[in-house]
Amino acid sequence: MTSKRKLTLNDILDHRAYERVREERRNEIIEVKRRRRLHLGTVVTVAFENRATMHNQIQEMLRVERTVTDEGVMEELRAYNPMIPEPGQLCATLFIELTSEDQMREWLPKLVGIEKSLVIVLADGSSVRCTVDEQHAEGLT
1080 MTSKRKLTLN DILDHRAYER VREERRNEII EVKRRRRLHL GTVVTVAFEN
1130 RATMHNQIQE MLRVERTVTD EGVMEELRAY NPMIPEPGQL CATLFIELTS
1180 EDQMREWLPK LVGIEKSLVI VLADGSSVRC TVDEQHAEGL T
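Shown next, in the form of structure tokens:
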């Protein structure tokens, strides 16, 4: 059974339709993402994802890649739908923001394995250790 929260082919606008609403949607999603972003120090940021952020990500990827086929859209849906959390779940993207070679030399060795060491402490004091999607883990360096 597919969750109603997951995106389908019917949720995705074609290029022309998306271009007509892109600027308005972009302004909306910037505000959504701002409220869902948490800075952890100077170079690490966590962005909590939801259906709206993933919908925007898919539309933007299709735009940049100039994807027009249903199969191409389905490929993006398969890639991003797992990042839409189900009720009672959280899903976040971890960003490491390094802008120079000096920063990379300094920080990358320190941050190896960071994706496995994050813990979220909830309001009731309980904690949840973050897990990494195995398909994404293969692409981490």
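Oh and the sequence shown: position 35 is 1114 in this note's numbering, straight run, nothing missing.
Ideal Cβ positions, reconstructed from N, Cα and C, are used throughout, including at glycine.
Under the DSSP assignment, Leu1117 falls in the beta strand (DSSP E) whose first and last residues are Arg1116 to Leu1119. In terms of Cβ geometry, Asn1160 and Leu1088 do not form a close pair [threshold 7 Å]. Taking every protein chain shown into account, the CB of Leu1141 has 16 or more other CB atoms within 10 angstroms, so this residue is buried. Every beta strand (DSSP E) of 3 residues or more that sits fully in the stretch 1132-1186 is shown, in chain order, as 1171-1175.
Taken through DSSP and simplified to helix, strand or coil, Ala1096 comes out as helix.
Restricting attention to Leu1187, Leu1173 and Ser1179, the CA atom closest to the CA of Thr1124 is found in Leu1173. Going by DSSP, Ser1196 is part of no beta strand (DSSP E) at all; its letter is neither H nor E.
Here DSSP, grouped into helix, strand and coil, assigns Arg1208 to strand.
Ranking Glu1107, Leu1119 and Arg1130 by CA distance to the CA of Gln1168 puts Arg1130 first.
For Ile1137, the number of other beta carbons within 10 angstroms of its own is at least 16, and it is reported as buried. Taking C-alpha positions only, Pro1164 is separated from Arg1208 by approximately 16 Å. The beta carbons of Ile1108 and Asn1135 sit closer together than 7 Å.
By the Cβ neighbour-count rule, Met1133 is buried, with 16 or more other Cβ atoms within 10 Å of its own.
The secondary-structure analysis by DSSP pairs Thr1124 across a beta bridge with His1118 and Phe1174.
The C-beta of Val1191 has fewer than 16 other C-beta atoms within 10 Å across all chains shown, which makes the residue exposed.
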